[in-house]
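Peer 1: First, the structure itself, so that you have it in front of you.
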Amino acid sequence: MFPFQAILVLIVIAIIVYFVVVREFKWHKTIADFPVKFPEDKNKSLEKDLYDVAIVGAGPAGSTTAFFLAKFGWKVLLLEKKTFPRDKYCGDAVCKTAIEILMEMGLYEQLIKEGKAHVSDCGGMVSPSGLSYIGRSKEGYGEIPAALACKRIWLDEAIAKAAKRMGADLKEEHPVDSAKFDSQQGLWTVRMEDSTVEFKSRVLVCADGAPSRLATKLGIVVRQPDSTCSRAYVEGGTHKFKADGVVFYNRELLPGYAALFRHPNDVLNFCCYIIPGNPNCTGDNLAYWHERLMKEDPNISRALGSEFKIERMKAASLRLGGEKCSYDNHCLVVGDAAGMIDPLTGEGIHHAMEGGKMAAQFLDEAISHGNYDKEVMAIYHQRWMDKFGYDFKWSMIFCQLMYRFPILLDAATAAVQRKGDRFLLKWADIMTGRCPKIHMMKPEFSLTITFELVRLIGLKLFGKSIVQKKEM
17 MFPFQAILVL IVIAIIVYFV VVREFKWHKT IADFPVKFPE DKNKSLEKDL YDVAIVGAGP
77 AGSTTAFFLA KFGWKVLLLE KKTFPRDKYC GDAVCKTAIE ILMEMGLYEQ LIKEGKAHVS
137 DCGGMVSPSG LSYIGRSKEG YGEIPAALAC KRIWLDEAIA KAAKRMGADL KEEHPVDSAK
197 FDSQQGLWTV RMEDSTVEFK SRVLVCADGA PSRLATKLGI VVRQPDSTCS RAYVEGGTHK
257 FKADGVVFYN RELLPGYAAL FRHPNDVLNF CCYIIPGNPN CTGDNLAYWH ERLMKEDPNI
317 SRALGSEFKI ERMKAASLRL GGEKCSYDNH CLVVGDAAGM IDPLTGEGIH HAMEGGKMAA
377 QFLDEAISHG NYDKEVMAIY HQRWMDKFGY DFKWSMIFCQ LMYRFPILLD AATAAVQRKG
437 DRFLLKWADI MTGRCPKIHM MKPEFSLTIT FELVRLIGLK LFGKSIVQKK EM
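So, in structure tokens, the structure goes:
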């Protein structure tokens, strides 16, 4: 048997080495490795009848891409189908990565000064069994908070107008009907709905949100959105919520969750996220769960109180986990349209903005070099996958673990209770993608949570309560 086992081991090693070598070769190929096809494109001073880049969708992804491309000096078209300010349904949580980009754009202080954003200093979580912890982030994070809440009606407009000030050609009320690529000229023609207006560009960026209508039409994105979330604003002064942001892990909703986020003027956003994996919770019954949790989840109902006034629920689709392909000849797909939403949290604003900035940096290189072939554009896909996309696979694994073993969330919350704010901030960094999900396996997390898991199992075996009620 020994020779057979040795041969088997050698075969396995050979396969691993082969795939490592192949992936390394593929991942490390650079734009400079490809031939120059459009040498004149790099001349920024040259008068052009066409745009270097046309971006469809002026949400966080599209507008961030436009901002940085304009900052690099390229001729950028940013198309928005509606007129700002316009609303989008979302949880409104803006995490640290996105906050850093807002600071770079000069928007962070502006949004706060105008009373459009609320910094979340006091926040935490409630586990399936009701364990809770509310901590503070300012001492641990300093000047850059863990999160802030900003309504999309204000956030999207601020980023789009910042891109315009930087030099992007923002055109509102320009709904796109179609885009056609001329392979001979290497140009896109973007046509508007119910109009003869059209624009030409060297590169097309599809950033039209989770439905990804244009990228689907072009055959780049081939699947439908796979999740959904609700949003409803609670009138300020009518509730009893004391924190800035809390995530509620209701056992029946797992791996989804509900959350409350505080906005300026004491307004709250109550949202419910349906995450794939639980056959009893699907997008079709989102309204049921939204209403049920407000009334029957003891922690949420206690936070809202008995006299809260809430608007009618709105819903939005989500495209989770990253698309297998976010590129084509002279074309990129960015943000929610490319599935840049973490399956563990349903959050996508920070990945959309990060992906948008990365797209601008990549296109700056591509235009300067003068090649936009499909193989070149694939480099962008690999970059964002390396940065945060591959982490989505771990998110999916953790989603299933949460659904099948809710006590793991109880143990994690108990660990946060014992370790305090700094542990919570590290947990938040992992949950928001600043650190890879695999960091959960580090001893400081795995051993601490395992200890709490054993302790909680022991308490349950002896019939003792594990919950201490706290106000939120």
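When we follow this note's numbering, the leftmost residue of the sequence shown carries the number 17, and every step to the right adds one.
By construction, the Cβ of each residue, glycine as well, lies at the ideal position given by its N, Cα and C atoms.
Please read all numbers here as calculations on a predicted model, not as lab measurements.
Let me know the secondary structure DSSP gives Phe-41 once reduced to three states.
Peer 2: Residue confidence for Phe-41 is low, a pLDDT of 47 falling below 50, so the modelled location carries little weight and cannot support an answer.
Peer 1: Would Asp-426 and Ser-148 be called neighbours here (beta carbons separated by less than 7 Å)?
Peer 2: no
Peer 1: What number of angstroms, rounded off, separates the C-alpha of Cys-166 from the C-alpha of Arg-102?
Peer 2: 13 Å
Peer 1: Using a 10 Å radius around the Cβ and a threshold of 16 neighbouring Cβ atoms, would you call Lys-480 buried or exposed?
Peer 2: Its Cβ having fewer than 16 others within 10 Å, Lys-480 is exposed.
Peer 1: Any idea if Ser-145 is buried or exposed, counting beta-carbon neighbours within 10 angstroms, 16 or more meaning buried?
Peer 2: buried
Peer 1: From Asn-345 to Glu-363, what distance separates their C-alpha atoms?
Peer 2: Going from the Cα of Asn-345 to the Cα of Glu-363 covers about 29 Å.
Peer 1: Helix or strand or just coil, what does DSSP make of Tyr-149?
Peer 2: strand
Peer 1: How far does the alpha helix (DSSP H) with Ile-365 in it extend, from its first residue to its last?
Peer 2: Boundaries of the alpha helix (DSSP H) around Ile-365: 365 to 385.
Peer 1: Could you tell me the distance, in whole angstroms, from the CA atom of Ala-248 to the CA atom of Arg-328?
Peer 2: 6 Å
Peer 1: Leaving out five residues before and five after His-455 in sequence, what residues of the same chain have Cβ atoms less than 6 Å from its Cβ?
Peer 2: Ile-446
Peer 1: Quick check: the Cα distance between Ala-86 and Lys-60, rounded to an integer number of angstroms?
Peer 2: 11 Å
Peer 1: If we count the other Cβ atoms within 10 Å of its Cβ and call it buried at 16 or more, is Leu-472 buried or exposed?
Peer 2: When all chains shown are included, Leu-472 counts as buried.
Peer 1: Between Pro-292, Lys-476, Ile-71, which lies nearest to Pro-241 when the distance is taken from Cα to Cα?
Peer 2: Pro-292
Peer 1: Buried or exposed: which applies to Thr-209, given that a residue is buried once 16 or more other Cβ atoms fall within 10 Å of its Cβ?
Peer 2: Thr is not the amino acid found at residue 209; the sequence shown has Glu there. The residue in question, Glu-209, is exposed, as its Cβ has fewer than 16 Cβ neighbours within 10 Å.
Peer 1: Are the beta-carbon atoms belonging to Val-250 and Phe-277 less than 7 Å from one another?
Peer 2: no
Peer 1: What does a CB cutoff of less than 7 Å around Val-483 pick up in its chain, not counting 5 residues either side in sequence?
Peer 2: Ser-145, Gly-146, Leu-147
Peer 1: Mapping DSSP to helix, strand and coil, what is Ala-259?
Peer 2: coil
Peer 1: With DSSP as the reference, please indicate the residues paired to Glu-214 in a beta bridge.
Peer 2: Arg-207
Peer 1: Under 7 Å between the Cβ atoms of Tyr-105 and Ala-332?
Peer 2: yes
Peer 1: Taking Asp-224 as the reference, give the member of His-255, Ser-246, Val-192, Phe-215 with the closest Cα.
Peer 2: Val-192
Peer 1: Ends of the alpha helix (DSSP H) at Val-392?
Peer 2: From DSSP, the alpha helix (DSSP H) with Val-392 extends over 390 to 400.
Peer 1: Can you give me the start and stop residues for the beta strand (DSSP E) that Thr-244 sits inside?
Peer 2: Per DSSP, Thr-244 belongs to the beta strand (DSSP E) from 243 to 250.
Peer 1: Enumerate in chain order the residues of its own chain whose CB-to-CB distance from Leu-203 is below 6 Å, with the five nearest sequence positions on each side excluded.
Peer 2: If we look at Leu-203 and ignore the five residues flanking it on each side, its Cβ neighbours are Lys-216.
Peer 1: Taking Cβ positions, are Lys-330 and Thr-254 nearer each other than 7 Å?
Peer 2: no
Peer 1: Just verifying my parser: in three-state terms, what is the DSSP assignment at Val-237?
Peer 2: coil
Peer 1: Between Thr-466, Lys-453, Gly-449, Ile-465, which has its C-alpha nearest Val-110's C-alpha?
Peer 2: Gly-449
Peer 1: Going by the beta-carbon positions, is the gap between Cys-415 and Leu-220 smaller than 7 Å?
Peer 2: no
Peer 1: On the DSSP letters alone, give me the boundaries of the alpha helix (DSSP H) that Leu-477 sits inside.
Peer 2: 459 to 477
Peer 1: With a CB to CB cut of under 6 Å and the five nearest residues on each side skipped, what residues in its chain are close to Ile-128?
Peer 2: none
Peer 1: Run through DSSP, which three-state label would Tyr-304 get?
Peer 2: helix
Peer 1: Counting only runs that start and end within the stretch 331 to 359, where is the beta strand (DSSP E) found for 3 or more residues in a row?
Peer 2: 347 to 349
Peer 1: Tell me whether the beta-carbon of Asp-260 lies closer than 7 Å to the beta-carbon of Ser-136.
Peer 2: yes
Peer 1: Tell me whether the stretch 57 to 76 and the stretch 223 to 238 touch, counting them as touching only if at least three CB pairs, one residue from each stretch, are closer than 8 Å.
Peer 2: yes
Peer 1: Could you give the residue range of the alpha helix (DSSP H) that holds Asn-315?
Peer 2: 314 to 320
Peer 1: Please return the same chain residues whose Cβ sits closer than 7 Å to the Cβ of Val-392, not counting the five positions on each side in sequence.
Peer 2: Shown here for Val-392: same chain residues with a beta carbon closer than 7 Å to its own, the five before and five after excluded, namely Ile-47, Phe-50, Ala-382 in chain order.
Peer 1: Applying the 10 Å Cβ sphere with the 16-neighbour rule, what's the burial state of Pro-359?
Peer 2: buried
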